[in-house]
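*Asks:* Start counting the sequence shown at 34; every next residue gets the next number (this note's numbering).
All residues carry an ideal CB built from backbone N, CA and C; glycine is no exception.
Owing to the predicted nature of the structure, the values given are computational and were not obtained by experimental measurement.
Before I ask anything, let me first share the structure, which is written out below as structure tokens.
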Amino acid sequence: MPSDYITVAVFIAVGILFVVITLAFSWLVREKPKEISADKVSVYECGARPIGPAWSQYYVRYYIFALIFVVFDVEAVFLFPWALVLGQLRLFAFVEMAVFLAVLVAGLYYAWRKGVLKWT
34 MPSDYITVAV
44 FIAVGILFVV
54 ITLAFSWLVR
64 EKPKEISADK
74 VSVYECGARP
84 IGPAWSQYYV
94 RYYIFALIFV
104 VFDVEAVFLF
114 PWALVLGQLR
124 LFAFVEMAVF
134 LAVLVAGLYY
144 AWRKGVLKWT
């Protein structure tokens, strides 16, 4: 049992050492800048100088749809393993997932009634 921990510790140490050595080597062989000009620190946008500020507003609906997608994507992550072991877990797992899905459907119904899903 302790040898398992030693193996994991050695792998972590070797991984950290590899990262440190790689970063140190790249820092040593880097090309040192002769001078820093305004062009070097300006924003580069497809070879053209940027027009206007870098910050811009976006439509909030994109955020809402992305959030709804993430919620139902997480639902799928929970639903697939549950479907695989449903035969072993029987009624308890079925009721538990039914409650989970009911909460998600209730949230979707609430969003639909509030008009969140309308694009215009």
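1) Assuming the contact rule is C-beta atoms closer than 8 Å, residue 108 and residue 61 should be a hit. Round their C-beta distance to whole Å, please.
2) Using CA coordinates, which residue listed in 76, 93 and 92 is at the minimum distance from residue 85?
3) What is the DSSP secondary structure of residue 108, counted as helix, strand or coil?
4) When the Cα atoms are used, what is the spatial distance from residue 45 to residue 58?
5) Quick one: Cα of residue 36 to Cα of residue 51, how far?
6) Judging by CA-CA distance, which residue of 55, 140, 114 and 149 is the nearest neighbour of residue 130?
7) Give the range of the alpha helix (DSSP H) segment to which residue 161 is assigned.
8) Examine chain B for any beta-carbon lying closer than 9 Å to the beta-carbon of residue 47, and answer yes or no.
9) Secondary structure at residue 64, three-state DSSP: helix, strand or coil?
*Replies:* Reading from the atomic positions:
1) Actually they do not touch by this definition, with Cβ atoms about 49 Å apart.
2) 76
3) helix
4) 20 Å
5) One C-alpha to the other measures close to 22 Å.
6) 114
7) Past the edges of the chain, shown from 34 to 153, lies residue 161, and the structure says nothing about it.
8) No chain B is present in this structure, which holds just one protein chain.
9) Look at residue 64 here: in three-state DSSP terms it is coil, with no helix or strand label.
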